[in-house]
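*Asks:* Per numbering that gives the first Met the number 0: the sequence shown = residues 0 to 259. The beta carbon of each residue, even a glycine, is placed where N, CA and C say it ideally should be.
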Amino acid sequence: MLPARCIGCPGSRHSGRTARHRQVPHPLRAACAAPRARRDGRCAVTPVDPFAQDDAVYVLGALSADERAAFEAHLVTCPDCAERVRELASMPALLAGLPASAYGDEPDDPPANLLPHLLDRVRFEQRRRRWLTSGLAGLAAACLVALVVVLWPSSAATSAPRPQAMSAVVDSPVHATAALSSVAWGTKIDLVCEYYTNVAREWDYQLVVVDKHNVAHPAGSWKLVPGKVAHFTGGTALSRDQISKVQITLADRAILQLTL
Numbered sequence: 000m001l002p003a004r005c006i007g008c009p010g011s012r013h014s015g016r017t018a019r020h021r022q023v024p025h026p027l028r029a030a031c032a033a034p035r036a037r038r039d040g041r042c043a044v045t046p047v048d049p050f051a052q053d054d055a056v057y058v059l060g061a062l063s064a065d066e067r068a069a070f071e072a073h074l075v076t077c078p079d080c081a082e083r084v085r086e087l088a089s090m091p092a093l094l095a096g097l098p099a100s101a102y103g104d105e106p107d108d109p110p111a112n113l114l115p116h117l118l119d120r121v122r123f124e125q126r127r128r129r130w131l132t133s134g135l136a137g138l139a140a141a142c143l144v145a146l147v148v149v150l151w152p153s154s155a156a157t158s159a160p161r162p163q164a165m166s167a168v169v170d171s172p173v174h175a176t177a178a179l180s181s182v183a184w185g186t187k188i189d190l191v192c193e194y195y196t197n198v199a200r201e202w203d204y205q206l207v208v209v210d211k212h213n214v215a216h217p218a219g220s221w222k223l224v225p226g227k228v229a230h231f232t233g234g235t236a237l238s239r240d241q242i243s244k245v246q247i248t249l250a251d252r253a254i255l256q257l258t259l
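#1: Residue range of the alpha helix (DSSP H) that Val-58 falls in?
#2: Helix, strand or coil: how does DSSP classify Trp-130 here?
#3: Where does the unbroken alpha helix (DSSP H) through Val-84 begin, and where does it stop?
#4: Which whole-angstrom value describes the C-beta separation of Leu-237 and Asp-203, a residue pair presumed to lie in contact below a C-beta threshold of 8 angstroms?
#5: Per DSSP, which one or two residues make a beta bridge with Ala-164?
#6: Is it right to say Pro-98 is buried, meaning 16 or more other beta carbons lie within 10 angstroms of its own, or is it exposed?
#7: Residue range of the beta strand (DSSP E) that Arg-252 falls in?
#8: Is it right to say Leu-190 is buried, meaning 16 or more other beta carbons lie within 10 angstroms of its own, or is it exposed?
#9: Going by DSSP, what residue range makes up the alpha helix (DSSP H) through Asp-189?
#10: Going along the chain, which residues of its own chain have a beta-carbon closer than 8 angstroms to the beta-carbon of Ile-62, five neighbours each way excluded?
#11: Is it a yes or a no for the stretch 250-258 touching the stretch 217-236, going by three-plus beta-carbon pairs under 8 angstroms?
#12: Can you tell me whether DSSP reads Pro-217 as helix, strand or coil?
#13: Of the choices Thr-76, Pro-115 and Ile-247, whose alpha-carbon is the least far from that of Leu-169?
#14: Taking 8 angstroms as the cut-off, does the stretch 126-140 touch the stretch 216-231 (at least 3 CB pairs, one atom from each stretch)?
#15: Between Thr-176, Asp-240, Arg-200 and Gln-205, which has its C-alpha nearest His-212's C-alpha?
#16: Measuring straight from C-alpha to C-alpha, what distance separates Arg-67 and Gly-96?
#17: Note down the Cα distance separating Gly-60 from Pro-49, rounded to an integer number of angstroms.
#18: Would you call Gly-226 buried or exposed, if buried means 16 or more other Cβ atoms sit within 10 Å of its Cβ?
#19: Name the two residues that bound the continuous alpha helix (DSSP H) containing Asp-65.
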């Protein structure tokens with residue numbers, strides 16, 4: 000609550016109307032600083048000193064040049080500030096006489112190996128990033144190679160020729176399969192031949208390709224050793240669709256034949 004003397008200062012009307020000169024009603028007025036009211040009915044207000052907090056800062060020399068000049072000009076007209084400055088004048092000398100321990104421990108110098116350690120750490124991080132990048136690139140390349148390896152056999156398997164058993168033309172102890180592959184220069188023929196029974200004598204066998212016009216084309220010869228499996232690869236310039244028969248002959252006589 001506001002003091003009674005400030006609600007209605009002596010000499011003012013008590014009707015609740017505003018005082019002269021457009022004053023606010025008495026419940027909103029600020030408290031009077033002086034015990035007596037002025038004769039015109041208004042309460043006296045003590046002004047605020049803008050330099051009231053600058054005395055210690057001035058004594059310690061922490062004011063800027065412009066602030067210091069303004070404060071010194073104020074000291075000429077303000078006995079209160081001048082008195083506080085006189086009381087604090089000995090403070091810098093007292094602070095200067097304090098031991099260094101009173102200000103707390105000074106920070107230790109950084110260790111001599113701090114900078115080399117930081118540089119080593121930076122280099123390590125750079126190498127680690129390079130290793131990580133190289134490792135990821137290598138892993139991606141390995142995955143790509145693995146994908147090619149996985150896919151390539153499947154595609155090659157579909158195009159690889161399937162060996163077909165050759166039929167006997169006459170009685171013979173030889174069993175054979177033939178696989179025909181179309182190549183750029185014609186047709187490649189892979190044979191696998193073996194004996195059913197052991198025969199002491201070696202024989203010379205020929206591979207013959209017969210075209211659609213019943214013309215024979217020699218495609219190679221080999222020696223079949225008894226008790227051994229022979230793998231023989233021959234070829235012809237004829238394309239696969241030009242071939243009618245593939246024969247194995249012995250002494251110019253067909254013994255095995257594959258009809259296409």
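*Replies:* According to the structure data:
#1: Residues 54-58.
#2: helix
#3: Its alpha helix (DSSP H) spans residues 78-87.
#4: About 23 angstroms separates the two Cβ atoms, so there is no contact after all.
#5: Thr-176
#6: exposed
#7: 252-258
#8: buried
#9: From DSSP, Asp-189 is part of no alpha helix (DSSP H) but of the beta strand (DSSP E) over 185-194.
#10: For the sequence presented, residue 62 should be read as Leu rather than Ile. Answer for Leu-62: Asp-53, Val-56 and Phe-70, listed in chain order.
#11: no
#12: strand
#13: Reading the sequence as shown, one finds Val at residue 169 and not Leu. That would be Ile-247, whose Cα lies nearest to the Cα of Val-169.
#14: no
#15: Nearest C-alpha to His-212: Asp-240.
#16: 25 angstroms
#17: 18 angstroms
#18: exposed
#19: 64-74
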